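Here is the structure we will look at, set down as structure tokens.
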Amino acid sequence: MATLATRRRPRSRGRVVANVVGVAVSVVMIFPVYWMLLTAVKPGSEILTYTPRFVTWHPSGSNFVRAVSSPHFLDALGNSVLVAFGTMVVALVLALLAAVAIARFRFYGRKAFVFVILVVQMVPLSALIIPIYLLLNSIDAVNTLGGVILTYLAFVLPFTIWTLRGFVAGVPAELEEAAMVDGCTRFQAFRKVVLPLVFPGLVATSIYALIQSWNEFIMAYVLLSDQDKETLPVWLVSFVTARGIDYGALMAGATMMAVPVVVFFAIIQRHVASGLTAGAVKG
Amino acid sequence: MSTQTEAPPIDAVGPPGTSAPRRRRRMTPRLVGYLLILPTVVVLAGVQGYPLVKLVLLSLQDLTQRELFSGLPAPYVGFANYQKVLTDPDFYVVVARTVVFTVVNVALTLLLATGVALVMRAASRWCRLLLTVVLICVWAMPQVVSTLVFNWLFDYEFGVVNWLLGRLPGVDMDNHDWYANAFSGFGVITLIVVWGAIPFAAITLYAGISQVPKELEEAARVDGASATQTFLRVTYPILRPIYTIVTVLSVIWDFQVFNQIWVARGSKPEPEYQTLGVYSFMRAFGVNEYSLGAAVAVVTVLLLLVFTVFYIRQSLRLGEID
Chain A
5 MATLATRRRP RSRGRVVANV VGVAVSVVMI FPVYWMLLTA VKPGSEILTY TPRFVTWHPS
65 GSNFVRAVSS PHFLDALGNS VLVAFGTMVV ALVLALLAAV AIARFRFYGR KAFVFVILVV
125 QMVPLSALII PIYLLLNSID AVNTLGGVIL TYLAFVLPFT IWTLRGFVAG VPAELEEAAM
185 VDGCTRFQAF RKVVLPLVFP GLVATSIYAL IQSWNEFIMA YVLLSDQDKE TLPVWLVSFV
245 TARGIDYGAL MAGATMMAVP VVVFFAIIQR HVASGLTAGA VKG
Chain B
77 MSTQTEAPPI DAVGPPGTSA PRRRRRMTPR LVGYLLILPT VVVLAGVQGY PLVKLVLLSL
137 QDLTQRELFS GLPAPYVGFA NYQKVLTDPD FYVVVARTVV FTVVNVALTL LLATGVALVM
197 RAASRWCRLL LTVVLICVWA MPQVVSTLVF NWLFDYEFGV VNWLLGRLPG VDMDNHDWYA
257 NAFSGFGVIT LIVVWGAIPF AAITLYAGIS QVPKELEEAA RVDGASATQT FLRVTYPILR
317 PIYTIVTVLS VIWDFQVFNQ IWVARGSKPE PEYQTLGVYS FMRAFGVNEY SLGAAVAVVT
377 VLLLLVFTVF YIRQSLRLGE ID
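If you read the protein sequences in the order shown, they are chains A and B. For the working numbering, add 4 to where a residue sits in the first sequence, where the first one is 1. For the working numbering, add 76 to where a residue sits in the second sequence, where the first one is 1.
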């Protein structure tokens, strides 16, 4: 008994310390996010004060109204939605096909394909901006959303294929074979057995593609020069340079861009971590 | 892993296979495999393969605004661009700046993330949940947004940070411009990058740490090892593969950091704020020296190649298992 008691005390003291540190870390880490949200809902008179106000008792929507009604915001929002969903749908279809191929079929060059997928994932996007710009320029696709979607596929596809591969490989081949023994064609077996089982994987990877293309900045900045073609991140950055800094409206715009991402990201967070570190698990 | 929970009912439809489909089935798998990857191969060849080849070719040419608009082929100039880049003392300053920036950011990320992961393990469940929610929120913040928010926090006139530091006795931070000198400016940028990088590293490391058997660490403690010794000699070796992959990914990400610097400096980074990614971009699009920018980009890719190879080898190990 005595040993038990002495063992427990330092441990619970350690726990209290850990909790205090944990709360302190949480407060510091979340503060920028809180400050963004707070600034976005503060009335104008409380934003630029020499002594910052850490709460507001007069929340207002005026910053959001100014952001939404400023030039090209609605264009940017529409473009972002179009680009993000366009990239997502195309990436999903292509990635599912390719993931099934490398998880289920043995063909010459399969290893090479997997290798290329992984290499491509690591090529810095900033290195490819120049040739991609020239390529799209030569086919008159600069300043088109289609060109941007095509570009985004390049850096979304490898991750989605690699992650989906894991989901497809996780479905035992015996299930499919059983369905085929029972008379399903290969396609039916896939549609009725594999597809429902990889559905969570499809959701996870499609949200990933959605977020990536929603957030992307440099490519859109280079490829879309017309103001009415801008996506949200480009609009947000130009909002700073064009008209001095209206922090209230800027933070309102930032909030509108970030909140959907946070919500979606919370759903898929676990798959992103495990997708990126797949190699380490068995290493 | 999580997908194997339930097997849906398989409705047996259609007549049992005759001999003709069976023959077809035997010869198709390889062909089907090729057909399935074909669209991806086409897209990747178009937007990754071709540009990569083009990048190398471009670095051997001299492409200027004139060729860009007239469509005339740019003349080949051999390694002249590389010679120009590699004999430019500014280039080495940029490389050194990028390397230092990467080392500092990766080290800080790993150190702080390890701390957060250890706190998560030691804390109560409610506190762990709180930390997880905070980490996910931070992780999800778009880089452009978080940079703009940090610029607001560090605003020279109305920023919270200057006000907060000004509370300290003897510190006068009124109208202190953090970006006025590159050293403190990079301090802010480092903060933005590390803040955004901690969640992925901490959550991944915590996943690993929580798998380490408690008995091992307890045995070490019983044998008289200090907490630090236990971590370094028992916990860390077990987590080494995870540390390796997190380090490699962080290096790759931090080495090519662009958005944070670009946005923090209002789309016009001064020369002393240029890292390789920014330098290459400004060469190409700022002064229209596309070929020089391409040469810098090729050098960047080569410098990163070591880490890339490492990451791929690690990832392929999993591929070999099935």
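Note that beta-carbon positions come from the ideal geometry of N, C-alpha and C, so glycine has one too. All values reported here derive from a predicted model rather than from experimental measurement.
query	result
Reference Phe-171 (chain A), options A:Arg-108, A:Lys-196, A:Val-124 and A:Asp-186, closest by Cα	A:Arg-108
Min CB distance Thr-384 (chain B) to chain A below 8 Å	yes
Local Cβ density within 10 Å of Phe-262 (chain B), reported as buried at 16 or more and exposed below that	buried
Under the three-state DSSP convention, the category Tyr-54 (chain A) falls into	coil
C-alpha gap between Glu-50 (chain A) and Phe-58 (chain A), whole angstroms	10 Å
Ala-193 (chain B) at chain A interface by Cβ criterion, 8 Å	no
Unbroken stretches of the alpha helix (DSSP H), 4 residues or longer, contained in the region 83-135 of chain A	114-126
Runs of alpha helix (DSSP H) wholly within the region 204-287 of chain B (minimum 4 residues, chain order)	219-229, 236-243 and 258-285
Inter-residue spacing [alpha-carbon to alpha-carbon] between Arg-70 (chain A) and Asn-364 (chain B)	36 Å
Residue nearest to Phe-191 (chain A) in terms of C-alpha spacing, selected from A:Met-33, A:Val-104 and A:Leu-41	A:Val-104
Simplified DSSP state of Gln-137 (chain B), which is helix, strand or coil	strand
CB-CB length for Gly-257 (chain A) against Leu-240 (chain A), believed under 8 Å	5 Å
Supposed contact pair Ile-121 (chain A) and Ile-165 (chain A) - C-beta distance, whole angstroms, cut 8 Å	6 Å
Neighbour-count burial assignment, Trp-338 (chain B), 16 or more Cβ in a 10 Å radius	buried
Neighbour flag for Gly-353 (chain B) against chain A, beta carbons, 8 Å	yes
Within chain A, partners of Gln-124 (chain B) - CB distance below 8 Å	Val-124, Val-127, Leu-132 and Ala-158
Alpha-carbon spacing of Leu-179 (chain A) relative to Val-197 (chain A), whole angstroms	7 Å
Nearest neighbour of Ala-208 (chain A), chosen from A:Asp-232, A:Val-152 and A:Val-93 [CA to CA]	A:Val-93
Local conformation of Gly-154 (chain B) per DSSP, three classes	coil
Rounded separation between Val-327 (chain B) and Arg-142 (chain B) - CA only	38 Å
Nearest to Asn-67 (chain A) (by Cα), restricted to the options A:Asn-83, A:Met-40 and A:Asp-144	A:Met-40
Chain B within 8 Å of Ala-102 (chain A), Cβ atoms only	yes
Three CB pairs or more closer than 8 Å across the region 34-48 of chain A and the region 214-228 of chain B	yes
Stretch-stretch touch, CB-based, cutoff 8 Å, three pairs: the region 75-93 of chain A with the region 342-350 of chain B	no
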